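The opening position of the sequence shown corresponds to residue 1023 in this note's numbering, with each subsequent residue numbered one higher.
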Amino acid sequence: MEGITLDSSVPEHIKGIRCNVKNCVYNDQSAYCTARQISVGPSYATAGIDTICGTFRPRNR
Ligand code: SF4
1023 MEGITLDSSV
1033 PEHIKGIRCN
1043 VKNCVYNDQS
1053 AYCTARQISV
1063 GPSYATAGID
1073 TICGTFRPRN
1083 R
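Okay, structure coming up:
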């Protein structure tokens, strides 16, 4: 039988990442990020409030 074989060892979300940005296409609405990887910056941040997820993509464009 032909078809797509899913590897059950691949996590459905990034382990260890909790994110409340529900307006992001990668957010599963349960505070998990389903992106393959994320990029966070900027490099000159001095506090958590300065940081931004560069992988964020809005749900409604
Ligand atoms: S890509 Fe960034 S903003 Fe979007 S769900 Fe993942 S961590 Fe959150």
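Built from N, CA and C at the ideal position, the CB exists for glycine as well. Remember, predicted model here, so these are calculated numbers, not experimental data.
Which of helix, strand or coil DSSP assigns to residue i
i, result
"I1039", "coil"
"I1060", "coil"
Buried/exposed call for residue i, threshold 16 Cβ in 10 Å
i, result
"Y1066", "exposed"
"N1042", "exposed"
"N1045", "exposed"
"S1082", "Before going on, a small fix: residue 1082 reads as Asn here, not Ser. Counting Cβ neighbours within 10 Å, N1082 comes out exposed, since fewer than 16 surround it."
Cβ distance (whole Å) where residue i is taken to contact residue j below 8 Å
i, j, result
"I1074", "P1064", "7 Å"
"A1069", "I1036", "About 23 Å separates the two Cβ atoms, so there is no contact after all."
Residues bridged to residue i [DSSP beta-bridge criterion]
i, result
"I1074", "G1063"
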